[in-house]
Amino acid sequence: MSPPDSAKGPATWTAVTILLLAAIAASLWVPIYARTTPKLGAFPFFYWYQLILVPAVAIVSWIAYLLLRPRPGGQPPGDGSGQARAGEEARR
Amino acid sequence: MTHVNAVTLTIVIILFLLVTVIGFAAARWRRAEDLLHLNEWGLGGRRFGSFVTWFLLGGDLYTAYTFIAVPALVFASGAIGFFALSYTVMVFPIVFVFAPRLWSVAKVHNYVTPADFVRGRYGSRGLSLAVAVTGILATMPYIALQLVGIEAVLTVMGLGGSSSNEFVKDLPLLIAFVILAAYTFVSGLRAPALIAFVKDTLIYVMVIVAIAYIPARLGGWSHIFAAAGAHLAKVNPVTGKPFGSLIATPASEWAYATLALGSALALFMYPHAVTGVYAARRRGVIRRNMAVLPAYSLVLGLIALLGYMALASPGVVAGVVAGGKNAQLSVPLLFQQMFPSWFAGIAFSAVVIGALVPAAIMSIAAANLFTRNIWVDFIKPGASQAEQTRVSQTVSLIVKAGALVFVFVLPKTFSINFQLLGGIWILQTFPAIVIGLYTRWFHRWALILGWAAAMAYGTIRAYQVPVAGQPNSHFGGSTAPVFGHTAVYIALSALILNLLVAAVFTLVFRALRAPDGADETAPAHYTADPAPAPAPAVAAVAAAGDPEARG
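Protein sequences, first through last, are from chains F and U.
When you number the first sequence by the numbering used here, it's gap-free, plus one each residue, and the end is 176.
When you number the second sequence by the numbering used here, it's gap-free, plus one each residue, and the end is 571.
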């Protein structure tokens, strides 16, 4: 059984790294959103930007998850679970 | 405020009884043959799928205290309080990276606590002890603050806050905690996992209704932002400066960013968060959850806005002033004044139950740390799994009793200051845990020295921060200037010191050829899902009660 993570190529890892770093930078870099305008309805930019960032980062994380997920064709979904179950039973 | 509303009280009592029944019944949920195994009591059998894990982690990380304290900070200081939203946005991409590795290695070696991993990785009981003690110290005040959250609600409900008799005043809180302690003792992690469903449902309902209903009653969002902005711009007579601002000021941008980043890095160092990760069934459960947990962040952002609604509501502002300028009363007061009494009951229950779930998980996590990394490692090596479970159960009671003492005996500011320190302290376990997941470059003794230096620096620095407008006072906040310039989160500056000290002494110890401890982990263990070949053997030996098997 090859571990799912290391089975991924460097391109996938680069893409995931960029996605996650962008997600973190978007809230770490305060000066880009510490302002009042443009407003969305009554909401100053500072507030609506941060609130919209929440679902945006969730989507980015989900894409990262999909990129790192073991290929459905490459590895059967129950891969390794037989051993796991044996382990769990042995533990009990 | 002294008047007790019968409808509100009845609803809170009914919902409290409901979760009590669920808490005891949880012992039978996905019942294991042997509840007296620490994997069962302390980690729910490590069998939680994506759905349960989502509720468990959400219920665990977004505590009642958060729901009271974040809007209270927004109420008192404005934009800076929103760092909490920024922090919960950042935390999941960060945890996405390392939590699967931690889960895998813990699954392979049957680790129950973060300190278990550190011991196995570095072969150092001392470093593991440092991590365990830090975890316990940081968790204790966190549990106490859950009680402070409940107390704020009870005060507004007219229970306790006004009574002159100390015992009567504390009785509701005491009863709630004794019941919580009883079902945590019986059901272990299964109790909070199951109650989390009720807690989170109530929280979501509360927030959606609050956001849809309250602004309309207060004259719309424009009015709320305008009124809040006007309030924050007023000059505070104590400090001679405005109370706060609606937008983060250039001077506070560094504080904002470092508070968010430092808190995000620290969150999954807390033992109760690690417990939630370890309890997952599969590796994929962790990553999938990091993508769906932000739903709670959205809730937190909306809850933070309640602070502005409270500012825009003259009745709440007057109530906070009448309650001794206690900003923590702002959200409970807002609910009481805006909602019909039956819905106020539901909202209050959401906060009370929201305190019980994390308090239970925190006490389990702290108890496991004591059992595995202090009791077994230093007092009774070779203790069987059943003995370990018994000790953990007992310690979980002691931890909760300790939290009660905190809240009843010591002034409330003590818990808050201690929790502030806890956040600074817990981040100092980051190098041993997270960097340890990737490399063993740091020497184990150097990590201990880095930790000790950062703990001392962080504690002293936090002690030195005066409360605004009161020179020579202490624990006035969690940010302090570095090199006399920009104020940054002390936890983060302490972490940098920690890493520097650890790096320098690693070179020194290598030059002196100080012995490296044995590493029981192998690279494949960090990506295992759920467990490669050695696992059944390890598990089988562990079942026989051999402590060496768990590392």
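Even for Gly, the Cβ is constructed at its ideal location relative to N, Cα and C.
Using DSSP with H/G/I as helix, E/B as strand and the rest coil, what is residue i?
i, result
"Gly98/U", "strand"
"Val312/U", "helix"
"Pro495/U", "Per the sequence presented here, residue 495/U reads as Phe, with Pro not at that position. Reduced to three states, the DSSP call for Phe495/U is coil."
"Val487/U", "coil"
"Ser333/U", "coil"
"Ser148/U", "helix"
"Val255/U", "strand"
"Leu238/U", "coil"
"Ser435/U", "helix"
"Phe127/F", "strand"
"Phe68/U", "strand"
"Ala300/U", "strand"
"Ser265/U", "strand"
"Leu430/U", "coil"
"Asp136/U", "helix"
"Ala170/F", "With a pLDDT of only 39 at Ala170/F, under 50, the local geometry of the prediction cannot be trusted, and no value is derived from it."
"Pro122/F", "coil"
"Glu171/U", "helix"
Just mark residue i as buried or exposed, buried being the case when its beta carbon has 16 or more other beta carbons within 10 Å.
i, result
"Gln484/U", "exposed"
"Ala109/F", "exposed"
"Gly374/U", "buried"
"Leu167/U", "buried"
"Ile510/U", "buried"
"Tyr458/U", "exposed"
"Asp539/U", "exposed"
"Pro270/U", "exposed"
"Val524/U", "exposed"
"His505/U", "exposed"
"Leu124/F", "exposed"
"Gln490/U", "exposed"
"Ala168/F", "Any answer about Ala168/F is weak, because its pLDDT of 40 lies below 50 and its placement is not dependable; what the coordinates show is given next. Answer is buried; the Cβ neighbour count reaches 16."
"Ile33/U", "exposed"
"His545/U", "buried"
"Val24/U", "exposed"
"Pro543/U", "exposed"
"Ile100/U", "buried"
Between residue i and residue j, what straight-line distance do the alpha-carbon atoms span, to the nearest angstrom?
i, j, result
"Pro567/U", "Ala403/U", "Annotation note: pLDDT 39 at Pro567/U (below 50); position unreliable, coordinate value reported separately. Straight-line Cα distance between these residues: approximately 7 Å."
"Gly43/U", "Asn256/U", "46 Å"
"Ala563/U", "Trp274/U", "The predicted model places Ala563/U with a pLDDT of 41, which falls under 50 and marks its position as unreliable; any figure quoted below should be read in that light. Spanning the two alpha carbons is a distance of roughly 50 Å."
"Ala96/U", "Ala89/U", "10 Å"
"Val115/U", "Arg307/U", "9 Å"
"Leu238/U", "Ile244/U", "7 Å"
"Val39/U", "Gly537/U", "46 Å"
"Pro451/U", "Tyr290/U", "14 Å"
"Ala250/U", "Ser435/U", "32 Å"
"Val27/U", "Trp465/U", "59 Å"
"Tyr133/F", "Lys219/U", "28 Å"
"Tyr224/U", "Gly64/U", "25 Å"
"Ala248/U", "Ala548/U", "51 Å"
"Gly442/U", "Ala299/U", "24 Å"
"Asn59/U", "Ser412/U", "11 Å"
"Phe578/U", "Val151/U", "The shown model of chain U, from 21 to 571, leaves out residue 578/U, and the question about it has no answer."
"Leu517/U", "Gly155/U", "20 Å"
"Gly78/U", "Leu320/U", "11 Å"
"Lys432/U", "Lys92/F", "51 Å"
Report the neighbours of residue i on chain F: residues whose CB is nearer than 7 Å to its CB, in chain order.
i, result
"Gly321/U", "Gln134, Leu135, Val138"
"Ser242/U", "Ala126"
"Met110/U", "Ile108, Ser111, Leu112"
"Met310/U", "Ser145"
"Val528/U", "Those within 7 Å of Val528/U in chain F number zero; the least Cβ separation is about 33 Å."
"Pro113/U", "Leu104, Ala107, Ile108, Val141, Ser145"
Where does the unbroken beta strand (DSSP E) through residue i begin, and where does it stop?
i, result
"Thr499/U", "499 to 501"
"Tyr7/U", "Residue 7/U falls outside the range modelled here, since chain U spans only 21 to 571, and no answer is possible."
Please list, in chain order, the chain U residues whose beta carbon lies closer than 7 Å to that of residue i.
i, result
"Ala118/F", "Ile267, Ala268, Glu273"
"Leu152/F", "Arg307"
Please compile the residues from chain U whose C-beta is within a distance smaller than 8 Å of the C-beta of residue i.
i, result
"Pro115/F", "Pro270, Glu273"
"Ala99/F", "The premise fails here: Ala99/F is roughly 14 Å from chain U at the closest Cβ pair, so nothing lies under 8 Å."
Of all Cβ atoms in chain B, is any one closer than 9 Å to the Cβ of residue i?
i, result
"Ala95/F", "Absent from the structure: chain B. Protein chains present are F and U."
Residue i touches chain F at which residues, Cβ-Cβ below 9 Å?
i, result
"Tyr162/U", "Simply none; closest approach about 24 Å."
"Leu179/U", "Those within 9 Å of Leu179/U in chain F number zero; the least Cβ separation is about 34 Å."
"Tyr276/U", "Val114, Ala118"
For residue i, report the span of its alpha helix (DSSP H) as first-last.
i, result
"Val114/F", "No alpha helix (DSSP H) contains Val114/F, which DSSP labels as neither H nor E."
"Val27/U", "26 to 45"
"Ile366/U", "361 to 390"
"Met289/U", "Met289/U -> no alpha helix (DSSP H), and no H or E assigned at all."
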